[in-house]
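S.K.:
2 protein chains.
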Amino acid sequence: MLASMSKIVNHSARRLEIVDACLRVVSRAGLSGATTREIAKEAGVSHGIISHYFNGKNEILRAALQRSYQQLADRIDANLNGLSGAEALQQAVYDALPVDDEGRVGEQIELAFWAYAIGNPELAEERWRSYTEWRRALELLIKGAQAQEHLDGPDPTLVAETIISTLDGLGAQVAMYPDRIPAKRMVEIMNAMLAGFGFVTITNA
Amino acid sequence: MLASMSKIVNHSARRLEIVDACLRVVSRAGLSGATTREIAKEAGVSHGIISHYFNGKNEILRAALQRSYQQLADRIDANLNGLSGAEALQQAVYDALPVDDEGRVGEQIELAFWAYAIGNPELAEERWRSYTEWRRALELLIKGAQAQEHLDGPDPTLVAETIISTLDGLGAQVAMYPDRIPAKRMVEIMNAMLAGFGFVTITNA
Chain P
1 MLASMSKIVN
11 HSARRLEIVD
21 ACLRVVSRAG
31 LSGATTREIA
41 KEAGVSHGII
51 SHYFNGKNEI
61 LRAALQRSYQ
71 QLADRIDANL
81 NGLSGAEALQ
91 QAVYDALPVD
101 DEGRVGEQIE
111 LAFWAYAIGN
121 PELAEERWRS
131 YTEWRRALEL
141 LIKGAQAQEH
151 LDGPDPTLVA
161 ETIISTLDGL
171 GAQVAMYPDR
181 IPAKRMVEIM
191 NAMLAGFGFV
201 TITNA
Chain X
206 MLASMSKIVN
216 HSARRLEIVD
226 ACLRVVSRAG
236 LSGATTREIA
246 KEAGVSHGII
256 SHYFNGKNEI
266 LRAALQRSYQ
276 QLADRIDANL
286 NGLSGAEALQ
296 QAVYDALPVD
306 DEGRVGEQIE
316 LAFWAYAIGN
326 PELAEERWRS
336 YTEWRRALEL
346 LIKGAQAQEH
356 LDGPDPTLVA
366 ETIISTLDGL
376 GAQVAMYPDR
386 IPAKRMVEIM
396 NAMLAGFGFV
406 TITNA
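The listed protein sequences correspond, in order, to chains P and X. Just so we're aligned: the first sequence equals residues 1 to 205 in my numbering. Just so we're aligned: the second sequence equals residues 206 to 410 in my numbering.
#1: What are the start and end residues of each continuous alpha helix (DSSP H) run of 4 or more residues lying completely inside the region 101–185 of chain P, in chain order?
#2: So, does the CB of X/Met472 fall closer than 7 Å to a CB anywhere in chain P?
#3: For P/Asn191, does the three-state DSSP call read helix, strand or coil?
#4: Start and end of the alpha helix (DSSP H) containing P/Asn81?
#5: Would a check of beta-carbon distances place X/Ile394 closer than 7 Å to chain P?
#6: According to DSSP, is X/Leu302 part of a helix, a strand, or is it coil?
#7: Alpha helix (DSSP H) containing P/Ala34: first to last residue?
#8: State the Cα-Cα distance for the pair X/Leu397 and X/Ala248, rounded to the nearest angstrom.
#9: Name, going along the chain, the residues of the region 338–362 of chain X whose beta-carbon falls closer than 8 Å to a beta-carbon of chain P.
#10: Does the distance from the C-beta atom of P/Glu87 to that of P/Pro98 stay below 7 Å?
#11: Please list, in chain order, the residues of the region 369–380 of chain X that have any C-beta partner in chain P closer than 9 Å.
#12: According to DSSP, simplified to helix, strand and coil, what is P/Ser51?
#13: For a contact meaning CB atoms closer than 8 Å, what does P/Leu127 contact in chain X?
#14: Using a Cβ-Cβ cut-off of 7 Å, state whether P/Ala205 counts as contacting chain X.
#15: So with CB distances below 9 Å, who are the chain P contacts of X/Gly311?
#16: Counting pairs of Cβ atoms below 8 Å between the region 59–76 of chain P and the region 121–134 of chain P, do you hit three or more?
#17: For P/Ala13, does the count of other Cβ atoms within 10 angstroms reach 16, so buried, or fall short, so exposed?
#18: State the Cα-Cα distance for the pair X/Arg220 and X/Tyr258, rounded to the nearest angstrom.
#19: If I'm right that X/Leu228 touches X/Gln295 with Cβ under 8 Å, what's the distance once you round it to whole angstroms?
#20: Are there 16 or more other CB atoms within 10 angstroms of the CB of P/Gly103, so buried, or fewer, so exposed?
#21: Using 10 angstroms around the beta-carbon of P/Ile163, count the other beta-carbons present and answer buried if the total reaches 16, otherwise exposed.
#22: Taking all protein chains shown into account, do 16 or more other C-beta atoms lie within 10 angstroms of the C-beta of P/Asp155, making it buried, or fewer, making it exposed?
#23: Strictly under 7 Å for the Cβ-Cβ distance: is P/Glu161 near chain X by that measure?
#24: Can you tell me the Cα-Cα spacing of X/Met395 and X/Ala377, whole angstroms?
#25: Count the other CB atoms, across all protein chains shown, that sit within 10 Å of the CB of P/Ile8; report buried if there are 16 or more and exposed otherwise.
#26: For P/Asp95 versus P/Asn79, is the C-beta distance shorter than 7 Å?
#27: Would you tell me roughly how many angstroms separate the C-alpha atoms of P/Thr166 and X/Ser370, rounded to the nearest one?
#28: Please report whether the beta-carbon of P/Ile118 lies at a distance below 7 Å from any beta-carbon of chain X.
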C-alpha cells in the first residue's frame, strides 16, 4: 500500500518536472523548439522515459498550458484572501497583468500557444476550458462588486469577456514589446475600463 | 521615359502580386509554411525571380504585414466618409472587428505574425509602426467624439490603447475559435466599452 502510494506520488512529481521543463524550453526556444528530446534534456531524464509519462508531445504541451493557467489562478486566489467587492475584482485584474519579467515571459509562452492552437484542436480545447473557467471566476467577482456598489448592470458575462479581451490584448503587446508597455500604463488602462463599468477603483496599486 | 515608367509600374505590380501570394500562403499554411518556394509557386513566378523583387523572405513578410494593415486602414477610411463624432469612432471600431470570414482569416495571419515577431526584431518594428499609426488615427477620432459630446476625459491616448487592446484580444479569440465568438457579441463588447468611456453608441450596427 505505502509502496504503491509512493509510486503514484513519484509518478506525479516526475510528470510535473517534465511539464515545468517543457515550459522552460518553450520560453527559451518557442513551441517549435520544444521537441520531446529538448524537454527530456531539460528535465534531466532520458528521451525514452518521456513516453512512460506522456502520450506524445501534444499531451506534454496540453499539460504545460494547463499548468501555466493553474499557476495564474493560484496566484489570483491567494491574493483575494480577505478582499471583497470592487477591491477583489480590481486585485484579480491586477494579478492577471504581466507586470514583471516572469509575467512577460508567460505572455510569450501564451502567444506561442495561441498561434499553435489554430492548427491543433486538442490544445485549442484545453485553452477554451481554461478560458471559460477564468470567465466564470471573473463573473463571480463582477457580481460581487456590482452587488456591493448597488449597480444593476452591465451584464457580468459581457464585462468579464471585455476584461479578458483587454488583458489578452495587453498580454500580446507585452509579449512582443516587453520594454515598451509599462506596468503602470496597463494598470491605468484596466482602471479606466473598470471605472467605465461603474466600479470605484483605487489607483495606488 | 515612358518605357521606364512602365518598368516601374510593372515592378510594383509584380511586387504586390508576390505579397498577396504570401498572404494567401500564410493564411493556408501558417508562417512556417510560407517559404519563398511556396510563395513563388502561389504567385506563378519562378523561385529565382523572387530575389529580383525582395531581399529575402523576411522582407516579403514585412511587406505582407504592411499590406494587411494598409487594407484595414483603407477600409476604415472609406467608411468614415461623411461621419463625425462618436458615430465616426464607433464605425472605425466596427470596421476593425473581424466579423466575417475574411476578417477571421486576417486574424489568424495576424496571430501568426505576432508569434513570429517575438523572435524577429524587423517584423516587430514594422508592426509597432502600424500600431502607432492606428493609435494616432483612433486618438483623432476619440478627440472628435469627445469634443462633439462635450466630454473632457479620459485621456484620448489611454482610450485608444484600451480600444486597441480589446480589439487585439477579440481578434486572438476569433483566430482560435472562429465559430464561437459571434460578431454580435464583439459589437456588444465594443459598445459597452465605448459607453463606459462616455460615448453615446448606436446599437443597430
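Glycine included, C-beta positions come from ideal geometry on N, C-alpha and C. This structure is a prediction, so every number in the text was calculated from the model and none was measured.
M.R.: Answer, in terms of the structure:
#1: 101–117, 121–148 and 156–176
#2: Because chain X in this structure spans residues 206 to 410, residue 472 of chain X falls outside the shown range and cannot be described.
#3: helix
#4: Per DSSP, P/Asn81 belongs to no alpha helix (DSSP H) and is neither H nor E.
#5: yes
#6: coil
#7: Segment: none, P/Ala34 is in no alpha helix (DSSP H) and carries neither H nor E.
#8: The residue asked about is misnamed: residue 397 of chain X is Ala in this sequence, not Leu. Between X/Ala397 and X/Ala248, the C-alpha separation is close to 43 Å.
#9: Pro359
#10: no
#11: Ile369, Ser370, Thr371, Leu372, Asp373, Gly374, Leu375, Gly376, Ala377, Gln378 and Ala380
#12: helix
#13: Per the sequence shown, the amino acid found at residue 127 of chain P is Arg instead of Leu. Near P/Arg127 (Cβ distances below 8 Å), the residues of chain X are Met381.
#14: Confidence at P/Ala205 is low in this model, with a pLDDT of 48, below 50, so the placement of that residue is unreliable and no value is reported for it.
#15: None at all; the shortest Cβ gap to chain P is about 13 Å.
#16: yes
#17: exposed
#18: 6 Å
#19: Not confirmed; about 28 Å, so no contact.
#20: buried
#21: buried
#22: exposed
#23: yes
#24: 15 Å
#25: exposed
#26: yes
#27: 5 Å
#28: yes
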